[in-house]
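Written out below as structure tokens is the structure these notes cover.
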Amino acid sequence: MRRITQHPILDIPERGRLTFFYNGQPMEAREGDTIAAALTDQGIRVFRETHKRHEPRGLFCAVGQCTDCIMVVNGRPNVRACVTRVEAGMRVETQRGLGENADENI
Amino acid sequence: MKTYDVIVVGAGPAGLGAAIESGKAGASVLLADENDQPGGQLFKQIHKFFGSHDHYAGTRGFQIGQQLLEEAARAHVEIRLSTRVWGIFEDGTVSACTEDESFRCRGTWLILATGATENSLVFPGNTLPGVITAGAAQTMVNLRHVRPGSRAVVVGSGNVGLIVSYQLLQAGMDVAAILEAAPQVTGYAVHAGKVRRAGVPVLCSHTVLEARGERELEEVVVAQVDGQFRLIPGTEEVIQADTLCISVGLTPRWELAALCGCKMDFCGPLGGRLPLHSETLETTCPHVLVAGDLSGIEEASTALDEGRLAGVHAAAALGLLSTAESAEREREIQSRIAALRQGAFGRKRQTSKEQIWSRYHQHQGGGL
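Quick mapping for you: the protein sequence lines, in order, are chains A and B.
So for the first sequence, the numbering used here puts the first residue at 1; every next one is plus one.
So for the second sequence, the numbering used here puts the first residue at 1001; every next one is plus one.
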């Protein structure tokens, strides 16, 4: 667990818990977590694999600019894990290539 | 189509400053931001700011952010979040979209405060999960309250690299080393002192050669460079780390300004490509102003005051402030900005800004 509970400057309030699904498995997150934060807390840092060389990719800029952290969320590909808040019951999956809905021949 | 006196793009310190000043003067203001929270990067700044009382010295970034949001509410600024401005047309029409809808609106004045993007570095392994920007590490620990890893190497000893290193320690991470390609630390001595006292080695004349790991970052290969930044063979060293933070400067987010048709320029010390602008933040496009990191990379305090200056300029042009009122307000803000551009670090920015202003006036005087 990588969650910060105590901090010398920041007041870190306790937040409610929720369950989402990561590659089909139930996983716990806190209310208000981004998908990237929830996965990072659980030690998961590979969010997708590239289209041609199947290289692992994960978080890079964390502010929605670089789009390196995109995942398949509730069946929709290319969702930025760093700026999308996780919700109860949300289905989050590792994105392989361009995502299942995309034209793989691109 | 809804019409506003002023549309501000970007709700960081510059955009908030602009929206507050024009709103306070009585302008109807729309402040749009693509993020789901306002404040830009202010809320992840947990260190105390420097300078005088006028520059919020001794106040932490997130507290300044809170004060600005209250000021914006008092100035009746309409803030639209999760709203991305993607188009600006010659007649002042602005196209924006949210997750669910696309809409258009029109602004008599447009103030662009789109901020900056962190620069990356090219080296083998730079795409491995675990290699992130320093800002990303800061976002994770200070806003998301999750550590991106357990042991970090930081590349770059500018203020961002130094401050983020210290904040990673505060979050409970180890910082194995800070690498700096230059022969000396490039950030403020006070920040460097803090990380050194905490036991973090700052390795000058060092750079990253490679990031290694099977599926994620496991180790970083570093090496020494000479005065011309050439690798010194035989100095390679391996540092175990699961996080590599890149902190090698920022580039203005100039896309919307270029889309507007603003004449662009290049200035290395201010971050590279940026829109040509005047002392009062006018661009070569009538009714389009810029402020903050978009008009040259500086600090949050400077961005805020540049935004305020742009807001005053727009309010005066709209006839909401008398010439005397706006002149006094502009003098006051400009003297604060001038104070921020003093000293060994500030002077370079001041000189660079003067070059941009002078090129702006040349361009305008030359009748295109």
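Ideal placement from N, C-alpha and C gives every residue a C-beta, glycine not left out.
Inter-residue CB distance, residue i and residue j (contact presumed, cutoff 8 angstroms)
| i | j | result |
| --- | --- | --- |
| A:L39 | A:A81 | 7 angstroms |
| B:T1083 | B:T1098 | 5 angstroms |
| B:R1253 | B:L1294 | 6 angstroms |
| B:L1270 | B:I1297 | 6 angstroms |
| B:R1359 | B:D1265 | 6 angstroms |
| B:T1243 | B:G1130 | 6 angstroms |
| A:V79 | A:I70 | 6 angstroms |
| A:P77 | A:L98 | 7 angstroms |
| B:G1039 | B:A1018 | Contact doesn't hold; Cβ gap of about 14 angstroms is too wide. |
| B:A1176 | B:V1153 | 5 angstroms |
| A:H7 | B:Q1045 | A:H7 to B:Q1045, Cβ: 14 angstroms. No contact. |
| B:N1119 | B:G1249 | 5 angstroms |
| B:S1062 | B:Y1056 | The displayed chain sequence assigns Phe, not Ser, to residue 1062 of chain B. With a Cβ gap of about 12 angstroms, B:F1062 and B:Y1056 do not count as contacting. |
| B:E1021 | B:R1308 | 5 angstroms |
Cβ-based burial, residue i [other Cβ within 10 Å; buried from 16]
| i | result |
| --- | --- |
| A:H54 | exposed |
| B:S1301 | buried |
| A:M1 | exposed |
| B:E1070 | exposed |
| B:V1238 | exposed |
| B:S1352 | buried |
| B:A1014 | buried |
| B:E1306 | buried |
| B:V1094 | buried |
| B:V1122 | exposed |
| A:T5 | exposed |
| A:R15 | exposed |
| A:F47 | buried |
| B:A1291 | buried |
| B:G1065 | buried |
| B:E1214 | exposed |
| A:N74 | exposed |
| B:T1323 | exposed |
| B:M1001 | exposed |
| B:T1139 | buried |
| B:A1025 | buried |
| B:H1361 | exposed |
Cross-strand partners of residue i (DSSP beta bridge)
| i | result |
| --- | --- |
| B:R1151 | B:D1174 |
| B:I1007 | B:L1030 and B:L1110 |
| A:Y22 | A:Q25 and A:V92 |
| B:G1272 | B:C1267 |
| B:H1206 | B:Q1224 |
| B:L1289 | B:I1111 and B:E1282 |
| B:Q1240 | B:E1219 |
| B:K1048 | B:R1060 |
| B:R1080 | B:A1032 |
| B:V1131 | B:L1244 |
| B:G1087 | B:S1095 |
| B:S1102 | B:C1097 |
| B:T1323 | According to DSSP, B:T1323 bridges with nothing at all. |
| A:I70 | A:R80 |
| A:E49 | A:P56 and A:R96 |
Option nearest residue i by Cα separation, candidates the options
| i | options | result |
| --- | --- | --- |
| B:W1357 | B:L1281, B:A1189, B:G1161 and B:Y1056 | B:L1281 |
| B:A1257 | B:T1114, B:G1158 and B:V1131 | B:T1114 |
| B:R1197 | B:Y1166, B:R1336 and B:C1204 | B:Y1166 |
| B:V1190 | B:A1014, B:G1023 and B:H1047 | B:H1047 |
| B:L1274 | B:V1225, B:H1055, B:F1050 and B:E1255 | B:E1255 |
| B:A1032 | B:A1072, B:Q1067 and B:G1026 | B:A1072 |
| B:T1133 | A:T5, A:C61 and A:E93 | A:C61 |
| B:P1286 | B:K1024, B:I1111 and B:I1079 | B:I1111 |
| B:A1137 | B:E1090, B:H1055 and B:G1149 | B:G1149 |
| B:D1005 | B:Q1224, B:G1107 and B:E1021 | B:G1107 |
| B:G1051 | B:A1338, B:H1361, B:G1272 and B:L1168 | B:A1338 |
| B:V1077 | B:L1250, B:E1118 and B:L1016 | B:L1016 |
| B:V1146 | A:I44, A:F21, A:R57 and A:F20 | A:I44 |
| B:P1124 | B:G1249, B:H1313 and B:R1212 | B:R1212 |
| B:V1008 | B:S1335, B:R1329, B:T1207 and B:V1312 | B:V1312 |
| B:S1247 | B:K1024, B:E1236, B:A1317 and B:V1155 | B:V1155 |
| B:G1234 | B:A1027, B:V1222, B:S1326 and B:L1217 | B:V1222 |
| B:L1259 | B:F1089, B:E1299 and B:T1127 | B:F1089 |
| B:R1349 | B:E1332, B:L1318 and B:G1272 | B:G1272 |
Residue i: CB within 8 angstroms of a non-hydrogen atom of the ligand MN
| i | result |
| --- | --- |
| B:L1250 | This structure simply doesn't include the ligand MN, nor any ligand for that matter. |
| request: Check each residue of the stretch 1208 to 1233 of chain B: if its Cβ is closer than 8 angstroms to any Cβ of chain A, include it; give the result in chain order. | output: Taking 8 angstroms as the upper bound on Cβ-Cβ separation, chain A lies near residues R1215 and E1216 of the stretch 1208 to 1233 of chain B.
| field | Members of the stretch 1113 to 1133 of chain B that neighbour chain A once the beta carbon cut-off is set at 9 angstroms | value | Hits within the stretch, in order: T1117, E1118, S1120, T1127, L1128, P1129, G1130, V1131, I1132 and T1133.
| said: So if I threshold CB-CB distances at 7 angstroms, which residues from the stretch 4 to 27 of chain A count as touching chain B? | reply: Cβ contacts with chain B come from I4, H7, P8, I9, L10 and I12.
| message | So if I threshold CB-CB distances at 8 angstroms, which residues from the stretch 50 to 62 of chain A count as touching chain B? | response | Within the stretch 50 to 62 of chain A, the residues whose Cβ lies closer than 8 angstroms to some Cβ of chain B are E55, P56, R57, G58, L59, F60, C61 and A62, listed in chain order.
| query | Along the stretch 1147 to 1167 of chain B, what residues have a CB closer than 9 angstroms to any CB found in chain A? | reply | The stretch 1147 to 1167 of chain B vs chain A, Cβ under 9 angstroms: R1147, P1148, G1149, S1150 and Q1167.
| message | Which residues of the stretch 1055 to 1068 of chain B have a Cβ closer than 9 angstroms to any Cβ of chain A? Give them in chain order. | response | Within the stretch 1055 to 1068 of chain B, the residues whose Cβ lies closer than 9 angstroms to some Cβ of chain A are R1060 and F1062, listed in chain order.
| Where the stretch 81 to 103 of chain A meets chain B: residues whose CB sits under 9 angstroms from a CB there | Answer set for the stretch 81 to 103 of chain A: C82, V83 and R85.
| query | Listed from N- to C-terminal order along the chain, which residues in the stretch 1172 to 1206 of chain B have their beta-carbon within a distance smaller than 7 angstroms of any beta-carbon of chain A? | reply | For the stretch 1172 to 1206 of chain B, which is checked against every Cβ of chain A, the residues closer than 7 angstroms are G1172.
| field | Selection of the stretch 1026 to 1058 of chain B by Cβ proximity to chain A, strictly under 9 angstroms | value | Listed by position, the residues of the stretch 1026 to 1058 of chain B near chain A (Cβ gap below 9 angstroms) are E1034, N1035, D1036, Q1041, I1046 and H1047.
| request: Closer than 9 angstroms, Cβ to Cβ, to anything on chain A: give me those residues from the stretch 1353 to 1364 of chain B, in chain order. | output: Identification of residues in the stretch 1353 to 1364 of chain B having a C-beta nearer than 9 angstroms to some C-beta of chain A yields an empty set.
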